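Residues in the sequence shown are numbered consecutively from 28, following our numbering.
The beta-carbon is built from N, C-alpha and C at its ideal position, and this holds for glycine as well.
The structure displayed is predicted, hence computed values, not measured ones.
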Amino acid sequence: MDFNFSPLEKMVQKTARDFCEKEITKIDAYMAEHNDYPPDLLQRFAKSRLLGMDVPKEFGGIGSTNFNLILFAEEIGKTGSTSMLPFFMNNSVAETICYWGTDEMKQKFVPPLCDGSSWASMAFTEPGTGSDPKALTMVAEPDGDDFILNGTKRFISMANKPGCGVFFAKDLSLTGSKKDTTAFIVDKSSPGISFSGHYELMGLDGADTCDVFFKDVRVPKANILGEQGKGFKILLRWIAGERIQQCAAMVGGAQGALEEAARYSKERVVGGFPLGFMQGFTWMLAEMKTKVDACRLMVYRTILLQDQKQPFEVPSAELKVFVVPMAQEVCRMAVQIHGSYGYSKEYKVEKLFRNAMHGGIVASSLEINKTIAGMAYLAGR
Ligand SMILES: Cc1cc2nc3c(=O)[nH]c(=O)nc-3n(C[C@H](O)[C@H](O)[C@H](O)COP(=O)(O)OP(=O)(O)OC[C@H]3O[C@@H](n4cnc5c(N)ncnc54)[C@H](O)[C@@H]3O)c2cc1C
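Below, the structure written as structure tokens:
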């Protein structure tokens, strides 16, 4: 066992830090002005070799590891920039198509996800549910060489951007016990697709999360990803990977909050002494740092399982159960240390705290992850 980074990993970390230093301020300034992503955001990631990280070179990827990906996730999470969402989505959807797709699918859909010309989406949630696949109401009916999709997807990230998305629907061509969910790769500019405006969210400022309406949308049968009726397996594997990226970003956010809190503790004078010299605050900083370090190690352990092609679905649920409350608590403590300044938008910890709240809900809720982890443990897995 070795806790040191290889020269390549150190280089990836440096590239990530350089990207965050040079690009993120400009990206966030655009997003603050336009309440949306810069149109060339993905190309900027691609130029720095940050897309298709775990995708083979023959499909336009970098052929790197998920471990390297999460090194970047941590750095971008530290900035609090919402641009992390398209970074995650393009990487994870490209990886998913490579894992489940046919060669034709990989050749058609993956290179544009890696060069940044296609914005990926993954669409499961609907008005009636974000957790229960049995409650899905989007339907897919066969018609010649196509399926016709009808229904509404809710809270879908990057849905209104050009590119492809994986959409999950009840497959009406299957009957009886086989009646289940099928995953379709959909061109989001297909006739019959329309969108709501963005949701205004508590955090993740500028995210373009919206509803997607399907009215008789034709999708070729050739676009069925994986096995027909087995879409939920695809969703579960994708979401397990997404949880690790999300937790890495949350570790980054918590690290950012810790550093802000430490700086403020040295600068702010209370009763003639810097705040950090009061034992209560020193202890808070110690707790925060310990929590961040423990979470980071657990992220590394879990991502290594994915890179080593070992099962990572349950460990990634356990990861979320551990990291989300820890990271949220660290961000809360950072706000508390800042006093009223922490509650004001002038200080970065306010944004990091709001962002941290998404971790318990998005990419499967905390409760669902507790259920996955608890049931697996009871079953001896
Ligand atoms: C910024 C943002 C981006 C998003 N992006 C996407 C996206 O790209 N694609 C996508 O598909 N979705 C996306 N979502 C939706 C998100 O993943 C869902 O909202 C989330 O999974 C929760 O679903 P829900 O809101 O329907 O809650 P529900 O499923 O209605 O759950 C409500 C509450 O009940 C709890 N609960 C539900 N079922 C159980 C159970 N069996 N046992 C115990 N507790 C339970 C939940 O934990 C939660 O606390 C996004 C959401 C946000 C806010």
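Does ligand 1 have even one heavy atom less than 7 Å from the beta-carbon of residue i?
{"i": "Met-106", "result": "According to the sequence displayed, residue 106 carries Thr and not Met. No, the Cβ of Thr-106 stays beyond 7 Å of every heavy atom of ligand 1."}
{"i": "Val-389", "result": "yes"}
{"i": "Phe-241", "result": "no"}
{"i": "Ser-184", "result": "yes"}
{"i": "Leu-231", "result": "yes"}
{"i": "Met-149", "result": "yes"}
{"i": "Asp-142", "result": "no"}
{"i": "Ala-234", "result": "yes"}
{"i": "Asp-63", "result": "no"}
{"i": "Glu-394", "result": "yes"}
{"i": "His-385", "result": "yes"}
Are the CB atoms of residue i and residue j nearer to each other than 8 Å?
{"i": "Met-58", "j": "Asp-320", "result": "no"}
{"i": "Ala-186", "j": "Gly-192", "result": "yes"}
{"i": "Leu-201", "j": "Gln-255", "result": "yes"}
{"i": "Cys-322", "j": "Met-360", "result": "no"}
{"i": "Ser-343", "j": "Ile-271", "result": "yes"}
{"i": "Asp-238", "j": "Ser-223", "result": "yes"}
{"i": "Ala-390", "j": "Ala-276", "result": "no"}
{"i": "Phe-195", "j": "Ala-121", "result": "no"}
{"i": "Gly-401", "j": "Leu-393", "result": "no"}
{"i": "Asn-118", "j": "Leu-69", "result": "no"}
{"i": "Ile-175", "j": "Arg-245", "result": "yes"}
{"i": "Lys-197", "j": "Ala-167", "result": "yes"}
Roughly how many whole angstroms lie between the Cα atoms of residue i and residue j?
{"i": "Pro-154", "j": "Leu-112", "result": "21 Å"}
{"i": "Pro-139", "j": "Gly-79", "result": "10 Å"}
{"i": "Tyr-327", "j": "Phe-72", "result": "23 Å"}
{"i": "Ser-367", "j": "Asn-31", "result": "39 Å"}
{"i": "Thr-164", "j": "Arg-44", "result": "43 Å"}
{"i": "Lys-293", "j": "Val-357", "result": "18 Å"}
{"i": "Ala-395", "j": "Pro-338", "result": "Note on residue identity: the sequence assigns Ile, not Ala, to residue 395. Looking at the two C-alpha atoms, the distance is approximately 18 Å."}
DSSP three-state call for residue i: helix, strand or coil?
{"i": "Ile-251", "result": "strand"}
{"i": "Ala-400", "result": "helix"}
{"i": "Pro-342", "result": "helix"}
{"i": "Phe-349", "result": "helix"}
{"i": "Lys-215", "result": "coil"}
{"i": "Ala-162", "result": "helix"}
{"i": "Pro-113", "result": "helix"}
{"i": "Pro-169", "result": "strand"}
{"i": "Thr-152", "result": "coil"}
{"i": "Lys-188", "result": "coil"}
{"i": "Ser-108", "result": "coil"}
{"i": "Leu-262", "result": "helix"}
{"i": "Asp-207", "result": "coil"}
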